[in-house]
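Counting from 301, one number per residue, gives the positions in the sequence shown under the working numbering. For glycine and all other residues, C-beta sits at the position ideal for the given N, C-alpha and C. For reference, the structure is listed below as C-alpha cells.
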Amino acid sequence: MNIAEDIRTILTFYRTLGFERLPLKFSSKFEVQSSKAKEDEHSGANPSIVTRCSSEDKKAAIEELRREIGDCDRCRLSEGRKNIVFGEGNPDARLMFIGEAPGREEDIQARPFVGDAGKLLTRLIEKMGLSREEVYIGNIVKCRPPQNRDPEEDEMATCSVFIDRQIRIISPKIIVSLGRISSQTLMSTKVPISKLRGRFFEYKDIPVMPTFHPAYLLRNPKDKWLVWEDVQKVMERLKESGEQI
Ligand code: URA
301 MNIAEDIRTI
311 LTFYRTLGFE
321 RLPLKFSSKF
331 EVQSSKAKED
341 EHSGANPSIV
351 TRCSSEDKKA
361 AIEELRREIG
371 DCDRCRLSEG
381 RKNIVFGEGN
391 PDARLMFIGE
401 APGREEDIQA
411 RPFVGDAGKL
421 LTRLIEKMGL
431 SREEVYIGNI
441 VKCRPPQNRD
451 PEEDEMATCS
461 VFIDRQIRII
471 SPKIIVSLGR
481 ISSQTLMSTK
491 VPISKLRGRF
501 FEYKDIPVMP
511 TFHPAYLLRN
521 PKDKWLVWED
531 VQKVMERLKE
541 SGEQI
C-alpha cells in the first residue's frame, strides 16, 4: 500500500460518483478497495463499493455534491421555489427514504418532509425504532413544483441525477420509495403504486421497497396498516442481513 495508490483510489472514488472537483477535506481512514471492487468500479458495475468509505468520506462527498448543485437553475422549478431542499440525515445511513418533491413547508424550511405528511413519516420512522437522524431522507426533485403539481418528466430527468448521486454516495442497504412518482422513477416503470408496493425491487443493486406516500395516508388512513406491513419487511430484511441500522 503506498500513498500514490491511496490517492489514485480516492480520486477514482470521487470520479465514479460524478464529481468534477474534490472535496477539500479527506479522511485519512479511507479504506483501499480490493482489486475486484476496483474492476467493478471501473466498469460501473457495483455502486456498493462506496460502503468501503468511511462516514467522513461520505459526509464530505455529500457536502461537495450540495456545493456543486449551488443555487441551481437547471430547470424551471427554480423560478418559483424559495429554497432548494437537498435532503438530510445520516450520510452513512443503512436506510434511505425517497419522496417526490418538496411541498410548501419544505420549501420554506429547506428540509424534506417537515409538513403534515412529513410528521406522519417521522412517526413511522420512530415506530420502526429509528430516528430521522439515523436515516437519510431525500426527494426525486429538490424544488417545490408550483401548487404542488406533479414534477414533469424533464424536471425529473434533470434533477434525479442528484438523488442518484446521493444514493451512490450513501450506498444504503435498503431504500423505501414513498409514493407513485418516487417508485416509478426509481423503477423506470409506469406500473401503479398499488401494484408496486409491498415487494422488493432493485435500484442499481440496492433493494427498494415501494410503499404509499404519507400524503396519501393522510387522505386514506385506513391504508396505514399496508405501509406498516411494507416497512416490517424492510426491518426483517435488514435484520436478516445482520445489519445494525
Ligand atoms: N412530499 C414529498 O414527496 N417530499 C417532501 O419532502 C414533502 C412532501
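Placement of the Cβ of Val385 at a distance of less than 7 angstroms from at least one heavy atom of the ligand URA is found. Contact annotation: Gly380 and Pro412 have beta-carbon atoms that are not nearer than 8 angstroms. When DSSP states are grouped into helix, strand and coil, Ser488 belongs to the coil group. A Cβ-Cβ distance of about 4 angstroms is found for the pair Arg394 and Lys473, placing them in contact under the 8 angstroms criterion.
Checking the 7 angstroms criterion, the Cβ of Glu388 is out of range of every heavy atom belonging to the ligand URA. One Cα belongs to Ser471, the other to Ala457, and the distance between them is close to 21 angstroms. Counting of Cβ neighbours within 10 angstroms places Glu540 among the exposed residues, the total staying below 16. Around the beta carbon of Val527, 16 or more other beta carbons lie within 10 angstroms, which makes this residue buried.
For Cys375, the CB contacts under 6 angstroms within the same chain, skipping 5 residues up- and downstream, are Glu455 and Thr458 in chain order. By the Cβ-count criterion, Gly429 is exposed, with fewer than 16 other Cβ atoms from all chains shown falling within 10 Å of its own Cβ. The way I'd put it, the region 475-488 does touch the region 513-522; three or more beta-carbon pairs between them come closer than 8 angstroms. The beta carbons of Val534 and Met509 sit closer together than 8 angstroms. Nearest to Lys495 by alpha-carbon distance, out of Asp530, Glu368 and Arg367, is Asp530. Residue environment: Ser477 is assigned as buried (16 or more neighbouring CB atoms within 10 Å of its CB, all protein chains considered). Non-local beta-carbon contacts of Gly418 in its own chain, meaning distances under 6 angstroms to residues more than five positions away in sequence, are absent. In terms of Cα proximity to Glu405, the closest of Gln447, Leu486 and Ile425 is Gln447. In the structure shown, the three-state DSSP call for Glu529 is helix.
Looking only at Lys524, Lys522, Leu517 and Arg499, the smallest Cα-Cα distance to Glu536 is reached by Arg499.
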